[in-house]
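Residues in the sequence shown are numbered consecutively from 2, following this note's numbering. Each residue gets a CB set at the ideal place from its N, CA and C atoms; glycine is no exception. Predicted, not measured: the structure shown is a model, and the values here were computed from it.
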Amino acid sequence: MKKTFIVANWKMNPQFLSEAKKIFNSIKKGVKNIRRVKVIICPPFLFISDFKPWRLIELGAQDCFWEQKGAYTGEISPQMLKNSGVKYVLVGHSERRKNFNENNEIINKKIKALLEENLQPIFFVGETEEEREKNQSFKVLEEQLKEGLRGINKTKINKLIFVYEPVWAISTSKKAVACSVQNVLNVILFLRKIISRMFSPKIGKEISILYGGSVNKENAKEFLREKWINGVLVGAASLDIEGFKKIIKSV
Ligand code: PGA
Numbered sequence: 002m003k004k005t006f007i008v009a010n011w012k013m014n015p016q017f018l019s020e021a022k023k024i025f026n027s028i029k030k031g032v033k034n035i036r037r038v039k040v041i042i043c044p045p046f047l048f049i050s051d052f053k054p055w056r057l058i059e060l061g062a063q064d065c066f067w068e069q070k071g072a073y074t075g076e077i078s079p080q081m082l083k084n085s086g087v088k089y090v091l092v093g094h095s096e097r098r099k100n101f102n103e104n105n106e107i108i109n110k111k112i113k114a115l116l117e118e119n120l121q122p123i124f125f126v127g128e129t130e131e132e133r134e135k136n137q138s139f140k141v142l143e144e145q146l147k148e149g150l151r152g153i154n155k156t157k158i159n160k161l162i163f164v165y166e167p168v169w170a171i172s173t174s175k176k177a178v179a180c181s182v183q184n185v186l187n188v189i190l191f192l193r194k195i196i197s198r199m200f201s202p203k204i205g206k207e208i209s210i211l212y213g214g215s216v217n218k219e220n221a222k223e224f225l226r227e228k229w230i231n232g233v234l235v236g237a238a239s240l241d242i243e244g245f246k247k248i249i250k251s252v
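Structure representation (structure tokens):
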């Protein structure tokens, strides 16, 4: 049976390893009797090697560089991540697109570098508030997909997990309200159509696509009961231990 993904993006939190361990360990306890779910925790780089994957919990990283080694001050390679027990890596998050000028070309290089190391990219697409107001959402999403996936072999595409995360729906944005389920479904079906055209109808149908943006313990259920939404990506609410456990349990 297909697994539902619950991804925790801790962003630049918490400040201390002791706190990070506390969150990780209590999530571990909370998922003991859960099946059908894969929980992917993405802590800041510095804490990764202090955690080990455990049963349904896998380790993710929030970013990576596209080269495997060399003179790249400050960067972390896919190989280093793999050697630290990481299986999944976030790519194309809007905060990286905005704050670090990551464009579709850079994102494409990162996806390729990850696949080379047999790591699984968690690839974000999503429109900004401005693009949405100008009615450009579908055009932007299609571009992000086509350029981000350029040159990627059909045999590798099922390694990817996609996230539709509209930038305006992130909890730190001005609006900070989750996208409606109907809207998410429309977009996810659109993404599946593009992926079908690019690769094959089978891939378009079977690929995992998640929703992210202000997911919390109250609204997670609404997204998780939809067949075409294969999980959720949670930012701020993943640091609230009890709330996050509740999200996992709502699968
Ligand atoms: P949020 O963040 O759940 O706090 O909206 C999600 C994200 O930006 O990854």
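Any non-hydrogen atom of the ligand PGA within 7 Å of residue i CB
i    : result
E166 : yes
I41  : no
T173 : yes
L211 : no
L234 : yes
S251 : no
N100 : no
A221 : no
S215 : yes
A72  : no
N10  : yes
A21  : no
A238 : yes
Selection from the options that minimises the alpha carbon distance to residue i
i    : options                : result
G149 : E132, K135, I242, L115 : L115
I249 : W11, K23, E20, V38     : V38
H94  : F224, N26, I230, T129  : T129
S78  : N102, D51, E59, E118   : E118
F163 : R133, S174, V185, S181 : V185
A62  : N10, R97, G152         : N10
I171 : K113, I7, G127         : G127
Q121 : K218, K157, E132, E223 : K157
K228 : Q183, K135, A238, E166 : Q183
S85  : I7, C65, D64, K53      : K53
R151 : R133, Q69, I112, K99   : I112
Y89  : L161, E131, Q69, K70   : L161
Contact check, residue i vs residue j, beta carbons under 8 Å
i    : j    : result
I123 : L91  : yes
L234 : G213 : yes
V216 : A179 : yes
W169 : K110 : no
P45  : M13  : yes
L18  : D51  : yes
L57  : I24  : no
I208 : N159 : yes
I230 : I204 : no
E144 : N104 : no
R97  : D64  : yes
A238 : K218 : yes
Between the CA atoms of residue j and residue i - distance to the nearest angstrom
i    : j    : result
M199 : I108 : 18 Å
F253 : S138 : Because the chain here runs from 2 to 252, residue 253 falls outside it and cannot be looked at.
V40  : T74  : 31 Å
K247 : V32  : 10 Å
F48  : F245 : 19 Å
F101 : S251 : 35 Å
L225 : G232 : 6 Å
G236 : T5   : 17 Å
I195 : K30  : 39 Å
F125 : K22  : 27 Å
V87  : S181 : 32 Å
S27  : Q16  : 17 Å
L60  : I42  : 5 Å
N1   : L142 : It is not possible to answer for residue 1, since the shown part of the chain is limited to 2 through 252.
A72  : K175 : 39 Å
I7   : A221 : 10 Å
R133 : E166 : 13 Å
S201 : I189 : 16 Å
*Inside the stretch 89-138 only - alpha helix (DSSP H) runs reaching at least 4 residues*: DSSP runs (the alpha helix (DSSP H)) wholly in the stretch 89-138: 95-100, 105-117, 130-134.
_My parser needs the alpha helix (DSSP H) runs of 4 or more residues fully inside the stretch 142-204; what are they?_
Within the stretch 142-204, the alpha helix (DSSP H) runs of at least 4 residues that lie entirely inside it are, in chain order, 182-199.
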